[in-house]
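Asker:
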Amino acid sequence: SSEGNYVSETEPEAPNPVVPQESPAAEALGSQSEEQNVPQETSELAQLGKTMKDVREIMKDIQVTMRSTHDTTTESKGVLTTMSRMLKLIQGQQCSVAAMDKYYHIYKNPVNEEGVSALEYGLPQLRYGYYQDGYRYSISHTHNIMVRYLKFFGIGTHLIEGGEQPKLINGKYGDAEKLLLEAIGVGPYH
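full-length UniProt numbering puts the first residue of the sequence shown at 1, with every later residue one more than the last.
1) Give the range of the beta strand (DSSP E) segment to which Gly129 is assigned.
2) With distances taken between CB atoms, is the gap from Tyr128 to Ile155 smaller than 8 Å?
3) Between the C-alpha atoms of Gly171 and Leu159, what's the straight-line distance to the nearest angstrom?
4) Taking Cβ to Cβ, would you say Val147 is nearer than 8 Å to Leu168?
5) Take Lys88 and list the residues in its own chain whose beta-carbon comes closer than 6 Å to its own, dropping the five residues that flank it on each side.
6) I'd like to confirm the pairing. Which residues does DSSP put opposite His105 in its beta bridges?
7) Put Tyr111 into one of helix, strand or coil per three-state DSSP.
8) What would DSSP say about Ser138, mapped onto helix, strand or coil?
9) Three-state secondary structure (DSSP) at residue 191?
10) Rounded to a whole number of angstroms, what is the C-alpha to C-alpha distance between Ile62 and Lys151?
11) Of the choices Ser138, Gly162, Leu119, whose alpha-carbon is the least far from that of Phe153?
12) Please work out which residues of its chain come closer than 8 Å, Cβ to Cβ, to Pro166, disregarding the five sequence neighbours upstream and downstream, and give them in chain order.
13) So for Leu119, helix, strand or coil by DSSP?
14) On a CA-only basis, which of Val64, Ile145, Tyr130, Gly163 is nearest Ala98? Give me that one, please.
15) Along the chain, where does the alpha helix (DSSP H) that runs through Leu150 open and close?
16) Is it true that the CB of Ile184 sits closer than 8 Å to the CB of Leu126?
17) Based on DSSP bridge pairs, tell me the residues matched to residue 194.
Below, the structure is given as C-alpha cells:
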C-alpha cells in the first residue's frame, strides 16, 4: 500500500480517505473571517459598555429627581404644618358673646395642642364670663367639667385626685380656673 500497510494481492486496496487541506489562500481567508468575528465581538462589548454608561446616567438622573421630590415633600410638609397650626389657632379663637348689664358671657369651643376641639372631645363649650364690677374673668362649670377640661388641655394634674373617678381637689377650683383661662389665652385677669 502507499502507506506501508500490508495489502493482499487478491483483495483490492481499500480507498484511503483524503482529508482536504486548506490552501494558504484559504487559510488567509479563514483568519480574515475570524478577524471579522473579533471586531463584531468588540463592537458588542463597546455597545454593552455604552448601554451600561447610559444606565448609570439614568440612575443618576433618578437619584437627582428623588432628592428633589424629597425636598419638595419636606417643604410641602412644613407649609401644611404651618397652615394646620394657623387653622387651629383661628378655630381656637372663635367664640360667642352674650352681653348683660355689667357682665359678658363668652362661649368658646377651644382647641387643644393636638388640634382636637372640646366638642369633639365630648365637652360642652367652655363658658366663662367677664365681670365689670371686679374686672375679672371666671369660669362657670361644675367641678367634674373643670377636671375634664384640665385633662383635655393636659394641664393641672396636681389639682386632680382619684384614679378612675378623677375629681378636683377641694379648694382648688380657683387654681383650675386660672390654668384654663391661661390655656385659652385669657388672663391673667383674676
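By construction, the Cβ of each residue, glycine as well, lies at the ideal position given by its N, Cα and C atoms. Note that the coordinates shown come from a computational prediction; the quantities given were computed from them, not determined experimentally.
Answerer: Concretely, from the data shown:
1) 126–131
2) no
3) 9 Å
4) yes
5) Val111, Gly115
6) Ala98, Gly129
7) Before going further, note that residue 111 is Val rather than Tyr in the sequence given. In this structure, Val111 counts as strand in the three-state DSSP scheme.
8) strand
9) Outside the displayed range of the chain (1 to 190) lies residue 191, so it cannot be described from this structure.
10) 49 Å
11) Leu119
12) Val147, Lys151, Ile160
13) coil
14) Tyr130
15) 143–153
16) yes
17) Absent from the model: residue 194. The displayed extent of the chain is 1 to 190, so no value can be given.
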